[in-house]
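Residue numbers (our numbering): 2 to 618.
C-beta: ideal position from N, C-alpha, C; glycine also.
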Amino acid sequence: MAAALTLALTLALTVLPAPGRTAPSTAQGDDTAAASNADQRDINAHAVDAPIRIGVLAYKGPEAVQRDWSRLRQWLQTRLPGRSVELLDFDQAGLTGAVRARAVDFIISSSGHYAMLEQNDGASRIATLASPWSASPQLAIGSAIVVRRDAPLHTLAELAGKHVLAVAPEAFGGYQIAARELLAAGVDPERDLDRLQFSGFPTQQILLAVRAGRADAGIVRSCLLEQMIRSGELGAGELRVLAPLPHPGSSCQSSSRLYPDWPFAALRHTAPALSRQVAVALLTMAPTADGYSWTVPSDYGSVDELFHELRIGPYDYLRQWTIETALRRYWGLLLLALGLLVLWAVHTVRVEHLVARRSAELLAAQQRERQLADEAQSRQATLDHTARLAILGEMASAIAHELNQPLAAIGNFARGMARRIDAGRTETAPLLEGANEIAAQSERAADIMRKVRALAQKRAPERRRLDLGAVLDEAVALFRAAHPQARVNWQAGAPAPVLGDALQIQQVALNLLKNALDAQRSTHAAAEAPLLVTLRARGRDWRVCVRDRGCGLAPDEFVRLFEPFFTTKAEGLGLGLSLSKGIMESFGGTLSVRPNDDGVGLSVCFTLPNLELSETP
Ligand code: ADP
Numbered sequence: 002m003a004a005a006l007t008l009a010l011t012l013a014l015t016v017l018p019a020p021g022r023t024a025p026s027t028a029q030g031d032d033t034a035a036a037s038n039a040d041q042r043d044i045n046a047h048a049v050d051a052p053i054r055i056g057v058l059a060y061k062g063p064e065a066v067q068r069d070w071s072r073l074r075q076w077l078q079t080r081l082p083g084r085s086v087e088l089l090d091f092d093q094a095g096l097t098g099a100v101r102a103r104a105v106d107f108i109i110s111s112s113g114h115y116a117m118l119e120q121n122d123g124a125s126r127i128a129t130l131a132s133p134w135s136a137s138p139q140l141a142i143g144s145a146i147v148v149r150r151d152a153p154l155h156t157l158a159e160l161a162g163k164h165v166l167a168v169a170p171e172a173f174g175g176y177q178i179a180a181r182e183l184l185a186a187g188v189d190p191e192r193d194l195d196r197l198q199f200s201g202f203p204t205q206q207i208l209l210a211v212r213a214g215r216a217d218a219g220i221v222r223s224c225l226l227e228q229m230i231r232s233g234e235l236g237a238g239e240l241r242v243l244a245p246l247p248h249p250g251s252s253c254q255s256s257s258r259l260y261p262d263w264p265f266a267a268l269r270h271t272a273p274a275l276s277r278q279v280a281v282a283l284l285t286m287a288p289t290a291d292g293y294s295w296t297v298p299s300d301y302g303s304v305d306e307l308f309h310e311l312r313i314g315p316y317d318y319l320r321q322w323t324i325e326t327a328l329r330r331y332w333g334l335l336l337l338a339l340g341l342l343v344l345w346a347v348h349t350v351r352v353e354h355l356v357a358r359r360s361a362e363l364l365a366a367q368q369r370e371r372q373l374a375d376e377a378q379s380r381q382a383t384l385d386h387t388a389r390l391a392i393l394g395e396m397a398s399a400i401a402h403e404l405n406q407p408l409a410a411i412g413n414f415a416r417g418m419a420r421r422i423d424a425g426r427t428e429t430a431p432l433l434e435g436a437n438e439i440a441a442q443s444e445r446a447a448d449i450m451r452k453v454r455a456l457a458q459k460r461a462p463e464r465r466r467l468d469l470g471a472v473l474d475e476a477v478a479l480f481r482a483a484h485p486q487a488r489v490n491w492q493a494g495a496p497a498p499v500l501g502d503a504l505q506i507q508q509v510a511l512n513l514l515k516n517a518l519d520a521q522r523s524t525h526a527a528a529e530a531p532l533l534v535t536l537r538a539r540g541r542d543w544r545v546c547v548r549d550r551g552c553g554l555a556p557d558e559f560v561r562l563f564e565p566f567f568t569t570k571a572e573g574l575g576l577g578l579s580l581s582k583g584i585m586e587s588f589g590g591t592l593s594v595r596p597n598d599d600g601v602g603l604s605v606c607f608t609l610p611n612l613e614l615s616e617t618p
């Protein structure tokens, strides 16, 4: 490019007005001329003899700088009479150093390097190069990723795992532009390549190395390949640009988007008047035959965008992971996270508070429930006791009568024995028989009393393994003792194991027997009929029925049978059946009433789970 520029400038020198000549006579031209004169005075007043030093990025080596830009030097010298113009070549770091040391007044450098200098060192562009290779100075510089023509590489993504040469990490066209494209293609050049090697200036050596097979691909400024082919340094069919993008109007192939061309920039310490004069000189340089010229400064915002995306240059800090960068970069997310954390904390505290409150409420409710259950249990126990006492009360005269019999028998035997002794008839055998009879009768009386006492006891119900047959035996015996005139048909059979409270089950059985007897007595016809008590296995239960031939029940009485305090008897409490039902249900059983099949009397039955069957699954 610079060789072509030299040629262009040579031509321009022949086309443009001679130094010192007046500018074209337009209004703008007059202004320029006036400014020119003022600037000239300004410059003369400051440092007439000091040379104007232009620092140039020597991307093709130091000799190329003097060769390629010497015509520009001459042109400026012509336009700034009395001042000599020097071209100083630098690599990128050297040029940055020269700017900082104020060793140069102007710079010509790559767009990327310029963007850095603008950001950090106050460089300010006064013109942008317009090259014949591109359609516009704004879209002129790209990267060419060059591979051998026959290389099996067709997309940028295929460069993963390959050996790639580039100019330098800070080279704009020679690395950074291509790095952005590689990242976009999913290849992180710092991580995904087999090897990324930087060879420095001159950049031509990169393409020569690729041609020689010392690397799979080389990253260079776009147009370098075309220039080297034109100058004969490379053969036309040896290398090609990988994945070229369409850039209408551009005569060089690029594997990347395009950025503004090189700028000509003044520096912070450059005298403004001198900058203005140089700018005017550059802009008035006519396009050369090859089409090179300087034009108004381009917008280098797209370069800044690239820096930001790659996190380099002014955005290098984004790569360093410090609290500050994290805050700067992720403050939005951090704020959101903080907000969520606060919400979560508030939510947790609230939930804990609610849980504590609900737990306390639950505990209080449980305590209340337990208290109510205790109260209900004690009421039930009182009711049970009352019912048992009621049964005993009803049986009291019968029991007294029953007790009278053994007592009378004891009295008779005792008197008989006394008479025998009085009469001197003291044979052992009859006396022994009398004594045994007295003992048997007193045993019988004690047995009745024991059962009555047990029934009269007030105590909490138990849940024990029992033989239902034996419990019924006791109940029937007690009933018979209380009602000697009543006939009860009952035959104990094989053991019938159940879980329950013997006393409560006896209470139920006595209640059913008493009701049955009452029902039969209310109809004279059946007063003497036997009450039938049966115990049978039924499904998984034992079933006990008390069958009578009594008065039965009217349909409206049937419905109310289990209501507490429902009674048809003058002395009745109306609690027997409702309590009996509750007792059976508390042991997992049932209580039911049905008329007998022949329509005479009722069968009142209860069931209890057969323990043998409920123990075996
Ligand atoms: P009570 O015997 O104190 O009246 P129960 O609860 O034992 O209380 O009985 C309620 C009512 O049910 C009795 O008054 C009676 O009318 C009726 N009843 C109970 N068993 C029979 C039965 N075997 N035959 C006819 N009626 C019965």
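Query - Reduced DSSP secondary structure (H/G/I, E/B, other) of ARG42 - result: Its pLDDT being 44, under 50, ARG42 is placed unreliably by the model, and the measurement read from it follows with that caveat. Correct three-state label for ARG42: helix.
Query raised in the report: Quick one, are the C-beta atoms of SER543 and LEU603 less than 8 Å apart?
Result: The sequence given here places Trp at residue 543; Ser does not occur at that position. Contact flag unset, no.
Query raised in the report: Would LEU536 pass as a contact of LEU473 if the rule is Cβ separation under 8 Å?
Result: Contact: yes.
Query raised in the report: Since VAL165 and LEU240 are thought to touch, with beta carbons under 8 Å apart, how far apart are those beta carbons, to the nearest angstrom?
Result: Contact annotation, VAL165 with LEU240: C-beta distance approximately 14 Å; criterion of less than 8 Å not satisfied.
**Report entry** Range of the contiguous beta strand (DSSP E) that encloses THR535
**Finding:** Residues 532-539.
Query raised in the report: Just the Cα atoms here: how many angstroms apart are LEU609 and ASN516?
Result: Straight-line Cα distance between these residues: approximately 21 Å.
Query - Range of the contiguous alpha helix (DSSP H) that encloses TRP76 - result: It spans 63-80 - the alpha helix (DSSP H) in which TRP76 sits, taken as one unbroken run.
Query raised in the report: Where in the segment 181-241 do unbroken runs of the beta strand (DSSP E), each at least 3 residues long, occur, reported from the N-terminal end onward?
Result: DSSP assignment within the segment 181-241 yields the following whole beta strand (DSSP E) runs of 3 residues or more, N-terminal first: 196-199 and 218-222.
Query raised in the report: Does the segment 133-150 come close enough to the segment 222-232 to have 3 or more Cβ pairs within less than 8 Å?
Result: Cβ pair count under 8 Å is three or more, so yes.
Query raised in the report: What beta strand (DSSP E) runs, 3 residues minimum, are completely inside the segment 345-388?
Result: For the segment 345-388, not a single whole beta strand (DSSP E) run of length 3 or above is found.
Query raised in the report: In this structure, what does DSSP give as the bridge partners for ASP542?
Result: Note: ASP542 sits in a beta bridge opposite ARG539 and PRO610.
Query - Which of helix, strand or coil DSSP assigns to PHE265 - result: Residue state, collapsed to three classes: strand.
Query raised in the report: Do THR569 and the ligand ADP come close, with the Cβ less than 7 Å from some heavy atom?
Result: The nearest non-hydrogen atom of the ligand ADP is less than 7 Å from the C-beta of THR569.
Query - Helix, strand or coil at ILE313 [DSSP, three-state] - result: Correct three-state label for ILE313: coil.
Query - GLU463 beta carbon near the ligand ADP (any heavy atom closer than 7 Å) - result: Not under cutoff, so the answer is no.
Query - Residues of its chain near GLY600, where Cβ-Cβ distance is below 7 Å and the 5 sequence neighbours each way are ignored - result: If we look at GLY600 and ignore the five residues flanking it on each side, it has no Cβ neighbours.
**Report entry** Separation of ASP557 from ARG541, as counted between CA atoms
**Finding:** Near 32 Å, if we compare the C-alpha coordinates of ASP557 and ARG541.
Query raised in the report: CB-CB under 6 Å to PHE567, same chain, minus the five flanking residues each way: which ones, in chain order?
Result: Cβ neighbours of PHE567 beyond the five flanking positions: ARG561 and GLY575.
Query raised in the report: Just how far apart, CA to CA, sit ALA237 and VAL211?
Result: Spanning the two alpha carbons is a distance of roughly 14 Å.
Query raised in the report: Taking Cβ positions, are LEU77 and VAL86 nearer each other than 8 Å?
Result: Result yes, Cβ atoms of LEU77 and VAL86 sit closer than 8 Å.
**Report entry** Closest residue to GLU182 among THR156, PHE199 and GLN205 (Cα-Cα distance)
**Finding:** Of the candidates THR156, PHE199 and GLN205, the one whose C-alpha sits nearest the C-alpha of GLU182 is THR156.
Query raised in the report: Does the segment 437-447 come within contact of the segment 412-420, defined as at least 3 CB pairs closer than 8 Å?
Result: Proximity of the segment 437-447 to the segment 412-420 meets the contact definition, three or more beta-carbon pairs being nearer than 8 Å.
Query raised in the report: When burial is assigned at 16 or more other CB atoms within 10 Å of the CB, is ASN490 buried or exposed?
Result: Classification of ASN490: exposed, given that the 10 Å Cβ count is below 16.
Report task. Pull up the distance between the alpha-carbon of GLY590 and that of GLY583, whole angstroms please. Result -> In this structure, the CA atom of GLY590 is about 9 Å from the CA atom of GLY583.
Query raised in the report: Is the distance from the Cβ of ALA401 to the Cβ of LEU580 below 8 Å?
Result: No. Outside cutoff.
Report task. State yes or no: is the C-beta of GLU558 nearer than 7 Å to some heavy atom of the ligand ADP? Result -> Checking every heavy atom of the ligand ADP against the Cβ of GLU558, one is found closer than 7 Å.
Requested in this report: Below 8 Å CB to CB, which residues in the same chain sit around THR569 once its five sequence neighbours on both sides are set aside?
Outcome: For THR569, where only same-chain residues beyond five positions count, the Cβ hits under 8 Å are GLU558.
Query - CYS1: CB within 7 Å of a non-hydrogen atom of the ligand ADP - result: Since the first residue of the chain shown is 2 and the last is 618, residue 1 is not available in this structure.
**Report entry** Beta-ladder partner(s) of PHE107, from DSSP
**Finding:** For PHE107, which the question treats as bridged, DSSP gives the partners ILE55 and ALA267.
Query - Closer than 7 Å: ALA526 CB and nearest the ligand ADP heavy atom - result: Every heavy atom of the ligand ADP is 7 Å or more from the Cβ of ALA526, so no.
Query - Closest residue to GLN120 among GLU64, ILE313 and PRO273 (Cα-Cα distance) - result: With respect to the C-alpha of GLN120, the residue from GLU64, ILE313 and PRO273 having the closest C-alpha is ILE313.
Report task. Can you give me the Cβ contacts of SER615 inside the same chain, cut-off strictly under 6 Å, excluding the 5 residues immediately before and after it? Result -> Counting only Cβ-Cβ distances below 6 Å, and skipping sequence neighbours, we find nothing.
Requested in this report: Going by DSSP, name the residue or residues bridged to ASP90.
Outcome: Looking at the DSSP assignment, ASP90 forms a beta bridge with VAL57.
Requested in this report: Express the C-alpha separation of GLN378 and GLU370 in angstroms, rounding to a whole number.
Outcome: Taking the straight line joining both Cα atoms gives about 12 Å.
Query raised in the report: Is SER85 helix, strand or coil by DSSP?
Result: Assignment of SER85 by DSSP, reduced to helix, strand and coil, places it in the coil class.
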